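Engineer:
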Amino acid sequence: MFVDQVHVVVKAGKGGSGCVSFRRESKVPRGGPDGGRGGDGGNVLLVSETNLNSLVYFRFHPINKAKNGKPGEGSNRQGKRGEDVILRVPVGTIVREEGREKILHDFLVQGEAFLAAKGGKGGRGNASYATSTHQVPREFQPGRPGEEKELFLELKIIADIGLVGFPNVGKSTLISGISAARPVIADYPFTTLTPNLGVVDTGGPRRFVVADIPGLIEGAHEGHGLGIRFLKHIERTKILVHVIDVSPATGRDPDEDYAVVMKELEAYGSDLASRPKIIVANKTDALGGRRSRLERVRRLAAKEGAPFFAVSALTGKGLKELRVGMARALEQHEGGGGEARE
Ligand SMILES: Nc1nc2c(ncn2[C@@H]2O[C@H](COP(=O)(O)OP(=O)(O)OP(=O)(O)O)[C@@H](O)[C@H]2O)c(=O)[nH]1
Ligand SMILES: [Mg+2]
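One point on numbering: in this note's numbering, the residue at position 11 of the sequence shown is 1, and numbering is uninterrupted.
Structure follows, in C-alpha cells:
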C-alpha cells in the first residue's frame, strides 16, 4: 500500500532513577554511599532507506515508544540504558512537528539518521553526592522524562526525471523499457495508481532515477481522474518528460493533450510548468500512416525549445536515444553532474 503522509507519535524512554545505597561489608560498621545512576531512556530514531517507498508502516504503528532506563543499583552499578527504537522511512521523507511549517529533517540519501525523540537522562545516585563534608548523602535524582512529539511525515519522492502525460499514453511502458522497473501496464486509463521509480543505467558510471506517476486529465486540479495529488512526487525532479500518445487510437489531438497537461501543471504550481522538459511522441509504431500527428508534436517541441524524441515504448524503438537525451539534459541542467544517489 502506498502511503505518502502519516501522523505519528514518538515517545522516548524515561531515564532510570538514581539509587540510594550504602556499602555493607562485614566488619565495616559504616560503609560509604554506593548508589549508582539510573540508565538513560532509549531514543526514537528515524533512519532513511532507499528500499522503502511508502510510509505505510506507520498506519499500523502510529505510536512508537522507546524503553525506559533501569534504576541505578548498589555497588555503584549504573542502571541499564533503555533500548532505542529505530524506525525506517523511505528516502524523500520530510519530518515536521504536527501543525508546524518548519521542516525538522528532510531525508535525501540512504542511511541518514534523525533523532526524533531523545531519551531522558538517568538520575544521579547518592554516591555522586558524597563530599568530604557530606559523607552520608541520601540525595538522588529521579530519571528525567523522555521527549515526546507528534510528528507529521510526508514523502516526496526524490527522482531526477518525472514522466507526465495523459493516462494510457505509455508512461509505464516507457519506464519499463528504460529501467528495471516493472510496473503494471494495461490498455485502460489509470492503470498506475501510485508512483513507480526506475533507475536508468546509461552504460557509464552515470545513473539516474525516473519517476512514473498516474496520468493527468483535464480538470485534474479540480479533482478529476486521480487529481493532482501525485504531482508532489515530481516536485523534486529536475526535468519532466512529457509523454504524448501520437497514435490515432486516442481520438484526441496530440497538441491539445500537451496543452491540457501543461495547464494542470500550472494549476499545481511549484514551477512544474516551467521546469526543463523533453517531449516524447510515443506509439510511433501505431501511427497507421498518420505521420502528420507525429510531425505536429515535433513542431510543438521546436516551438517549446524542448528536445524531441519519437519512440515506441512497446517495441523499444528510439528508447536508446531517449536515454542518452535524458542523461544529456540532466548533465546540462547540473553542469556536468547527472549521477544518481547511491
Ligand atoms: N502500440 C503501442 N502501444 C503502446 C506503446 N506504449 C504503450 N502502449 C500500450 O498502451 C497501453 C497503456 O500503456 P501504459 O504504459 O499502461 O500507459 P500509462 O501512460 O502508464 O497509463 P496510466 O498508468 O493509466 O496513466 C498498454 O496497452 C500498452 O501496451 C507503444 O509504443 N505502442
Ligand atoms: Mg501507468
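The beta-carbon is built from N, C-alpha and C at its ideal position, and this holds for glycine as well.
No experiment lies behind these values; they were computed from the predicted model shown.
Using only the alpha-carbon positions, how far apart do residue 180 and residue 201 sit?
Structural biologist: Mapped onto the sequence shown, residue 180 falls at position 190. Mapped onto the sequence shown, residue 201 falls at position 211. Those two C-alpha atoms are separated by around 16 angstroms.
Engineer: Under the assumption that residue 16 contacts residue 79 (Cβ atoms under 8 angstroms), give the Cβ distance between them as a whole number of angstroms.
Structural biologist: Counting from one through the sequence shown, the residue named residue 16 turns up at place 26. Counting from one through the sequence shown, the residue named residue 79 turns up at place 89. About 57 angstroms separates the two Cβ atoms, so there is no contact after all.
Engineer: How would you write the range of the beta strand (DSSP E) that residue 197 sits in, first residue to last?
Structural biologist: For the purposes of this step, residue 197 is identified with residue 207 of the sequence shown, where counting begins at 1. Residue 197 -> beta strand (DSSP E) spans 197 to 202.
Engineer: Buried or exposed, going by whether 16 or more other CB atoms sit within 10 Å of the CB of residue 174?
Structural biologist: In the sequence shown, residue 174 corresponds to position 184, counting from 1. So residue 174 counts as exposed.
Engineer: Give me, in chain order, the residues of the same chain whose beta-carbon lies closer than 6 angstroms to that of residue 55; leave out the 5 immediate sequence neighbours on both sides.
Structural biologist: Here the question's residue 55 lines up with position 65 in the sequence shown. Once the five neighbours on either side are set aside, the close Cβ partners of residue 55 are 1.
Engineer: When every heavy atom of ligand 2 is checked, does at least one fall within less than 7 angstroms of the C-beta of residue 173?
Structural biologist: Translated into the one-based positions of the sequence shown, residue 173 becomes position 183. Under cutoff, so the answer is yes.
Engineer: Assign residue 272 to one of three DSSP states: helix, strand, or coil.
Structural biologist: Position 282 of the sequence shown, counted from the start, is the residue given in the question as residue 272. Looking at residue 272 - three-state DSSP - the assignment turns out to be strand.
Engineer: Among all the DSSP beta bridges, which residues are the ones paired with residue -5?
Structural biologist: Reading the sequence shown from its first residue, position 5 is the one you call residue -5. BP columns for residue -5 point to 144.
Engineer: Find the nearest neighbour of residue 172 within the set 186, 159, 160, judged by alpha-carbon distance.
Structural biologist: The residue labelled residue 172 in the question sits at position 182 within the sequence shown. Of the listed residues, the one whose Cα sits closest to residue 172 is 186.
Engineer: So, do the stretch 267 to 281 and the stretch 291 to 307 have three or more beta carbon pairs nearer to each other than 8 angstroms?
Structural biologist: In short, these stretches touch, since the Cβ pair count reaches three.
Engineer: With a threshold of 7 angstroms (Cβ to nearest heavy atom), would residue 187 be considered close to ligand 1?
Structural biologist: Within the sequence shown, residue 187 is the residue found at index 197, counting from 1. No, since every heavy atom of ligand 1 falls outside the 7 angstroms radius drawn around the Cβ of residue 187.
Engineer: Taking residue 369 as the reference, which of 85, 33, 206 has the closest Cα?
Structural biologist: Any answer about residue 369 is impossible in this case: the structure gives the chain only from -9 up to 332.
Engineer: Under three-state DSSP, which class holds residue 300?
Structural biologist: Locating residue 300 in the sequence shown gives position 310, where the first residue counts as 1. Note: residue 300 maps to strand in three-state DSSP.
Engineer: Report all residues from its chain with a CB closer than 6 angstroms to the CB of residue 6; omit the five preceding and five following residues, and keep chain order.
Structural biologist: Mapped onto the sequence shown, residue 6 falls at position 16. For residue 6, where only same-chain residues beyond five positions count, the Cβ hits under 6 angstroms are 28, 29, 59, 60, 61, 69, 112, 133.
Engineer: Run through the DSSP bridge pairs and tell me what residue 235 is partnered with.
Structural biologist: Along the sequence shown, one-based indexing puts residue 235 at 245. Answer by DSSP bridge pairing, in chain order: 272.
Engineer: From residue 76 to residue 321, what does the alpha carbon distance come to, in whole angstroms?
Structural biologist: As a first step, residue 76 is located in the sequence shown; it is residue number 86 there, counting from the start. As a first step, residue 321 is located in the sequence shown; it is residue number 331 there, counting from the start. Their backbone Cα atoms lie some 37 angstroms apart in a straight line.
Engineer: With distance defined between alpha-carbon atoms, name the residue in 285, 199, -6 nearest to residue 317.
Structural biologist: By 1-based counting over the sequence shown, the position of residue 317 is 327. Comparing Cα-Cα distances from residue 317 to each of 285, 199, -6, the minimum goes to 199.
Engineer: Starting from the C-beta of residue 21, find all residues in its chain whose C-beta is less than 8 angstroms away, skip the five residues before and the five after it, and write them out in chain order.
Structural biologist: The residue you call residue 21 lines up with position 31 of the sequence shown. Within the same chain, residue 21 has close Cβ partners 12, 13, 14, 15.
Engineer: Could you pull the start and end residues of the alpha helix (DSSP H) that residue 162 belongs to?
Structural biologist: Within the sequence shown, numbered from 1, the residue matching residue 162 stands at position 172. Where residue 162 is concerned, the enclosing alpha helix (DSSP H) stretches over 161 to 168.
Engineer: Assuming contact is defined by CB atoms lying nearer than 8 angstroms, are residue 127 and residue 23 in contact in what I supplied?
Structural biologist: Walking along the sequence shown from the start, residue 127 turns up at place 137. Walking along the sequence shown from the start, residue 23 turns up at place 33. Against a cut-off of 8 angstroms, the Cβ pair of residue 23 and residue 127 comes out as a contact.
Engineer: Let me know if residue 53 comes out buried or exposed under the rule of 16 or more other beta-carbons within 10 Å of its beta-carbon.
Structural biologist: Residue mapping note: residue 53 aligns to position 63 of the sequence shown, counting from 1. Residue 53 should be labelled exposed.
Engineer: For the stretch 230 to 237 against the stretch 245 to 256, do three or more pairs of beta-carbon atoms, one drawn from each stretch, fall closer than 8 angstroms, so that the two count as touching?
Structural biologist: Cβ pair count under 8 angstroms is three or more, so yes.
Engineer: Let's test the definition: count the other Cβ atoms within 10 Å of the Cβ of residue 91 and tell me whether it reaches 16, buried, or not, exposed.
Structural biologist: Stepping through the sequence shown from its first residue, residue 91 is reached at position 101. Result: exposed.
Engineer: Can residue 131 and residue 114 be called in contact, C-beta distance under 8 angstroms?
Structural biologist: Translated into positions along the sequence shown, residue 131 becomes position 141. Translated into positions along the sequence shown, residue 114 becomes position 124. Contact flag set, yes.
Engineer: Give the single residue among -2, 188, 204 whose Cα lies nearest to the Cα of residue 142.
Structural biologist: Counting from one through the sequence shown, the residue named residue 142 turns up at place 152. Comparing Cα-Cα distances from residue 142 to each of -2, 188, 204, the minimum goes to -2.
Engineer: Where residue 103 and residue 93 are concerned, what is the direct C-alpha to C-alpha distance, given to the nearest angstrom?
Structural biologist: What you label residue 103 is simply residue 113 of the sequence shown in a count that begins at 1. What you label residue 93 is simply residue 103 of the sequence shown in a count that begins at 1. So the two alpha carbons sit approximately 15 angstroms from each other.
Engineer: Sorted by chain position, which residues of the same chain lie with C-beta nearer than 7 angstroms to residue 330's C-beta, five sequence neighbours on each side aside?
Structural biologist: Residue mapping note: residue 330 aligns to position 340 of the sequence shown, counting from 1. Per-residue confidence for residue 330 stands at a pLDDT of 49, beneath the threshold of 50, marking its modelled position as unreliable; no derived number is given.
Engineer: Taking all protein chains shown into account, decide if residue -6 is buried (16 or more other Cβ within 10 angstroms of its Cβ) or exposed.
Structural biologist: By one-based count along the sequence shown, residue -6 stands at place 4. Residue -6 is buried by the Cβ-count criterion.
Engineer: Please name the residue or residues paired with residue 116 in a DSSP beta bridge.
Structural biologist: Within the sequence shown, numbered from 1, the residue matching residue 116 stands at position 126. For residue 116, which the question treats as bridged, DSSP gives no partner whatsoever.
Engineer: Measuring CA to CA, which of 260, 303, 306 is closest to residue 225?
Structural biologist: Residue 225 sits at position 235 when you count from the first residue of the sequence shown. For residue 225, the nearest C-alpha among the options comes from 260.
Engineer: Going by CA-CA distance only, name the one from 154, 312, 271, 291 that's closest to residue 253.
Structural biologist: Indexing the sequence shown from 1 puts residue 253 at position 263. Checked all of 154, 312, 271, 291; the closest Cα to residue 253 is 154.
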